[in-house]
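Enquirer: Position one of the sequence shown corresponds to residue 15 (our numbering), numbered consecutively onward.
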Amino acid sequence: MDEIIAKLSSAFKSPLPGWNAQKRLINYDRPPPDNISNIDPTARQSAVLTLLYPKNGELYTVLMLRNVYEGTHSGQVSFPGGKRELEDKSLWQTALREANEEVGINEQSVFLIGELTKVYIPPSRFLVTPFLAYAKEAPIFKRDRIEVQRIIETPVSVFLNAAAIREKMLFVSSMNTEIPVKYYEVNGEIVWGATAMMLSELSEILNKSQIHNLE
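Below is the structure:
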C-alpha cells in the first residue's frame, strides 16, 4: 500500500487528466469545469470522498446507492458526499463529515492524497470537489438508513479497462426524457453521470501510475 500511495502522490504533482478523462463517460451536453465560473458563478459547493483501501488482496473503493426521495439524485449511485455546510471549515471537511454520516467512515483513519478535477452537475447546480484519499485498512461501514439504500464496495480494477465503459438509453428525470448515457456497471448497479466522470479520471491516473492491484 505504501508504494501505491507514493505513486499516487507523485501523480498529483503533475497536471491531472481532468476534462479529457471525464468526457469519455459523457455523450450529452455538459460544461467543462474551467467554464463553470461563467455559467454558474453561484454554484453550490459540495465534496465527495473517493476512498482507496486494501481488501482481499486488492485495491478497493466504496460507493453508495442513495435511497429514493424527491430530489435530483434520488436512487443514484455516488461516492459518499454532499453539500458544504456553514460549520465546514473546508471542502475536505465536508467530504469527511458526509462520509462519516452516510457510510460510517471514521475520519481519523482517512489520509488525503489530493483533489481530483471538479465536476459540475447542472440539474442540482452542485460544483463537486472529489477528494482522493486512502485508509490503511478496510473500514467498517455503517449506512445511514435514511439516505443510503446500499453500500457498494468494489475493486478499482473493474474500471481500468476501456471495455468496462458501456452505453444504454436511460430515463433522466431532470430532463424528463430518455438519453444515451455511458456508464459502468458495479455489483448490478448503473454508475453514470458525475460519479462515472470521476471514476474515469481516477482510472486514468491509476493506469498511468501503473497501479492495477496491491502487488
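Cβ atoms here follow ideal geometry from the backbone N, Cα and C, with glycine treated the same way.
Mind the definition here: the segment 70-82 touches the segment 176-193 only if three or more C-beta pairs lie below 8 Å; say whether that holds.
Expert: Judged by Cβ distances under 8 Å, the segment 70-82 makes no contact with the segment 176-193, as fewer than three pairs qualify.
Enquirer: If you drop the 5 nearest sequence neighbours on each side, which residues of the same chain put their C-beta closer than 8 Å to that of Leu213?
Expert: Answer for Leu213: Leu39, Phe173, Tyr198, Val205, listed in chain order.
Enquirer: Under a three-way DSSP split, which group does Thr64 fall into?
Expert: Three-state result, Thr64: strand.
Enquirer: Taking C-beta to C-beta, are Val76 and Val117 nearer than 8 Å?
Expert: Against a cut-off of 8 Å, the Cβ pair of Val117 and Val76 comes out as a contact.
Enquirer: Please state whether the Cβ-Cβ distance between Lys150 and Met15 is less than 8 Å.
Expert: Yes, they are a contact pair.
Enquirer: So within the segment 82-122, which uninterrupted alpha helix (DSSP H) runs reach at least 4 residues, ignoring any that extend past its ends?
Expert: Listed in chain order, they are 105-117.
Enquirer: Strictly by DSSP, which residues pair up with Arg58?
Expert: Answer by DSSP bridge pairing, in chain order: Phe140.
Enquirer: Tell me whether Lys196 sits in a helix, a strand or coil according to DSSP, three-state version.
Expert: Looking at Lys196 - three-state DSSP - the assignment turns out to be strand.
Enquirer: Can you find the residues in the same chain that come closer than 6 Å, C-beta to C-beta, to Pro153, ignoring five residues on each side of it along the sequence?
Expert: Cβ within range, chain order: Ile119.
Enquirer: Taking only the alpha-carbon atoms, compute the straight-line gap between Ala113 and Pro94 and give it to the nearest angstrom.
Expert: Going from the Cα of Ala113 to the Cα of Pro94 covers about 5 Å.
Enquirer: Looking only at its own chain, which residues have a Cβ that is under 6 Å from the Cβ of Leu184, when we skip the five neighbours before and after it?
Expert: Excluding sequence neighbours, Leu184 sits near Val195.
Enquirer: Tell whether a beta-carbon distance below 8 Å holds between Met177 and Ala109.
Expert: Before going on, a small fix: residue 177 reads as Ala here, not Met. Not a contact, by the Cβ cut-off of 8 Å.
Enquirer: What's the C-alpha gap between Gln224 and Ala210?
Expert: Between Gln224 and Ala210, the C-alpha separation is close to 21 Å.
Enquirer: Can you round the beta-carbon distance between Leu141 and Arg58 to whole angstroms, since I take them to be within the 8 Å contact cut?
Expert: With 8 Å as the limit, Leu141 and Arg58 qualify as a contact, their Cβ atoms being about 7 Å apart.
Enquirer: So if DSSP puts Glu167 in a beta bridge, which residue, or which two residues, is it bridged to?
Expert: Glu167 is bridged to Val76.
Enquirer: Would you call the CB atoms of Ile219 and Ala25 closer than 8 Å?
Expert: Against a cut-off of 8 Å, the Cβ pair of Ala25 and Ile219 comes out as a contact.
Enquirer: Measure the alpha-carbon distance for Ile179 versus Arg159 and round it to whole angstroms.
Expert: So the alpha carbons of these two residues sit roughly 30 Å apart.
Enquirer: Whole-angstrom Cβ separation of Ile127 and Ala208, contact assumed at under 8 Å?
Expert: Not quite, the Cβ-Cβ distance comes to about 20 Å (not below 8 Å), so this is no contact.
Enquirer: Check whether the Cβ atoms of Tyr148 and Leu63 lie closer than 8 Å to each other.
Expert: Not in contact: Tyr148 and Leu63 (Cβ atoms no closer than 8 Å).
Enquirer: Can you give me the Cβ contacts of Lys37 inside the same chain, cut-off strictly under 6 Å, excluding the 5 residues immediately before and after it?
Expert: Nothing meets the Cβ criterion.
Enquirer: Which residue marks the beginning of the alpha helix (DSSP H) containing Gly128, and which one marks its end?
Expert: Not the alpha helix (DSSP H): Gly128 falls in the beta strand (DSSP E), residues 125-129.
Enquirer: Using three-state DSSP, classify Lys182 as helix, strand or coil.
Expert: Note: Lys182 maps to strand in three-state DSSP.
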